[in-house]
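In our numbering, the protein residues as written are 249 to 567.
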């Protein structure tokens with residue numbers, strides 16, 4: 249249900265993603281892949297398809313599943329346009345969710361501080377409107393964020409007085425700089441070659457540094473129960489991991505898992521209720537909340553949400 253701003257270089261370069269190789273698994277390289285889900289739309293992608301607050305659950309590009317590692321990925325030429333589309337992304341409704349999303353970022357920072365108490369430097373890849381960077385700086389970290397959406401970079405400046413690096417990671421302004429903590433929160437499912445992204449993160453870690461990676465788990469009980477109606481099935485997501493395929497990726501990048509859990513998100517009850525309309529007949533309740541003061545105030549409460557269908561893994565260099 250949560251989606252941050254997204255950034256990563258598309259590997260290999262967009263012009264090399266073609267019919268000949270697009271059906272090879274992005275994680276293990278296997279050509280033993282099979283169709284998993286048909287394309288939901290019959291038009292080209294547009295920037296609005298990538299809105300953070302999008303509720304078009306179940307709509308995806310055509311997806312394939314690797315029979316060797318279980319990774320599920322988009323096999324269409326649209327993936328070559330991802331960076332350009334993210335650069336043009338605008339999502340005004342995202343500004344209304346900053347308070348609840350800040351609670352979630354605080355949860356992540358506290359978890360990171362317990363796992364890596366000596367950390368002093370932070371990099372947030374896919375920094376969105378700069379919430380995590382802002383909170384990390386307030387907590388005493390030297391923090392920087394990278395974000396491709398020009399609109400989100402402006403929102404970070406306007407809402408949180410944070411100057412993000414506009415563009416993709418690796419970013420030329422960072423040079424060979426290394427970080428104690430690198431956050432990849434709801435990012436890796438948006439990129440067309442997660443192997444090289446994670447390799448680049450590994451190269452940017454200090455010797456004792458740690459990567460905190462969060463991504464939806466398509467092997468979770470929630471995902472299996474909802475099937476093709478699962479809320480993480482969306483046009484902006486082009487790669488879907490279960491635990492097996494994520495561990496394969498981690499191993500290939502010469503990293504190791506030192507901690508894992510099911511992360512908790514925080515949303516206003518109104519935000520949750522508006523999205524549950526797709527699964528439950530509660531439209532009448534939402535309309536009542538617009539008119540009935542006490543219920544409207546209840547809908548403004550921020551609540552923890554953990555459907556246990558996302559994975560958080562903390563990674564360090566192996567060996």
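The beta-carbon is built from N, C-alpha and C at its ideal position, and this holds for glycine as well.
Would you mind reading off the limits of the alpha helix (DSSP H) that contains residue i?
i, result
"residue 448", "442–451"
"residue 535", "531–539"
"residue 523", "517–524"
"residue 331", "330–335"
What residues match up with residue i in a beta bridge as DSSP calls it?
i, result
"residue 563", "459 and 505"
"residue 369", "390"
"residue 465", "489"
"residue 312", "283 and 321"
"residue 363", "DSSP lists no partner for residue 363."
"residue 395", "414"
How many angstroms separate the CA atom of residue i from the CA atom of residue j?
i, j, result
"residue 510", "residue 559", "5 Å"
"residue 554", "residue 464", "12 Å"
"residue 403", "residue 527", "32 Å"
"residue 446", "residue 564", "11 Å"
"residue 520", "residue 451", "38 Å"
"residue 277", "residue 534", "47 Å"
"residue 331", "residue 412", "17 Å"
Considering only the alpha carbon of each residue, which of the options lies closest to residue i?
i, options, result
"residue 429", "409, 406, 359 and 275", "359"
"residue 484", "300, 290 and 371", "300"
"residue 338", "302, 284, 365 and 364", "302"
"residue 389", "410, 404 and 367", "367"
"residue 280", "467, 272 and 287", "272"
"residue 398", "340, 334 and 329", "334"
"residue 313", "406, 379, 487 and 457", "487"
"residue 457", "418, 469 and 506", "506"
"residue 353", "474, 344 and 376", "376"
"residue 438", "540, 320 and 420", "320"
Where does residue i fall in DSSP's three states?
i, result
"residue 425", "coil"
"residue 401", "helix"
"residue 432", "strand"
"residue 512", "coil"
"residue 348", "helix"
"residue 454", "strand"
Provide the residue span of the beta strand (DSSP E) that contains residue i, from first to last.
i, result
"residue 552", "550–553"
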